[in-house]
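Notes follow once the structure below has been shown.
In our numbering, the protein residues as written are 1 to 351.
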């Protein structure tokens, strides 16, 4: 507990074991995962939080809100040379508001996604634009008008060189990022570590149901970054083959919209959650349905695989979080500690 209204977003920092949650009550809370204790409550938004991101070391937090602002929060650190916030830094675990950036009038940032390696953060807006902000100094190095409607999901590839996005315009884009070189020597090393982002070009473009009023609700890469799975309003999950540039499989097993999706880290299984109060589990290679889970009292809002074994965590409107064995479809246990719907979840790398 800690928020006075529903939690709308959360993120997890694996190195620091900190979780950050954002709420409709206009606050963010930093939690110590092992102590289950509040580290800091961050106040500053004047409307509910839309999304939140945290660096891998847990020392910097980014948040977006319905007040059309993106805020950056940070801790006392000698790496912040040259920064003079209005108030001095606190202790190492004390988070202070460092930066406040007003966005374009009437435009909200709906999606935040930090690049692997914490170099850039992608920001997706409700007008379809994507910006690339440097994590260290918060400057925007690139802006692209990617979609014709609100961006509903973004995902980085494991190497941090590709960004997939989907939106209300029923389009999925896979962007390739290239970088300037800092020096002749940097030409010899991996470009992801060299210089500023130079260009974001579209590698793949997939359009679903032209002229039909459908919405894409989410997107994720498989374990090898060779495929995407897209959650759609038409009750279908689409498996997109990025090497061949086509839709490899349509996952049809739901009666209403697909609200969430997940890929097992090993690429063995895919899971789709739906507004029809069920979860379907699919074989990653064949695209055949393995099982259908029905033990929910309302719409399924989030699904996550554990990093080990065939286990799936599911959060739903019925306030429960349940863990299932993928092969048998049997529920292992249920957690009922919430007073409202479970909308988001994160799982540590150790599970």
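Glycine included, C-beta positions come from ideal geometry on N, C-alpha and C.
- Under DSSP, residue 238 shares a beta bridge with 230 and 250.
- In summary, residue 208 is buried, with 16 or more beta-carbon neighbours lying within 10 Å of its beta-carbon over all protein chains present.
- Inclusion of residue 110 and residue 151 in the CB contact set at 8 Å is warranted, their separation being smaller than that value.
- For the beta strand (DSSP E) assignment, the uninterrupted runs of no fewer than 3 residues enclosed by the stretch 260 to 346 are, from N- to C-terminal side, 269 to 274, 279 to 283, 289 to 293, 300 to 305, 311 to 316, 321 to 325 and 331 to 335.
- Inter-segment contact for the stretch 115 to 123 and the stretch 30 to 50 is absent: fewer than three beta-carbon pairs are separated by less than 8 Å.
- The residue among 311, 321, 322 and 318 with its C-alpha nearest the C-alpha of residue 328 is 311.
- DSSP lists 19 as the bridge partner or partners of residue 12.
- Less than 8 Å divides the Cβ of residue 153 from the Cβ of residue 216.
- Comparing alpha carbon positions, the residue from 205, 197 and 270 closest to residue 220 is 270.
- Residue 204 sits in a strand when the DSSP states are folded into three classes.
- For residue 267, the closest C-alpha among the options 291, 233, 302 and 306 is that of 306.
- DSSP, reduced to helix, strand and coil, places residue 218 within a strand of the structure shown.
- Here residue 264 is buried: its Cβ has 16 or more other Cβ atoms, across all protein chains shown, within 10 Å.
- From the listed residues 7, 55, 39 and 246, the smallest Cα separation to residue 14 is found for 55.
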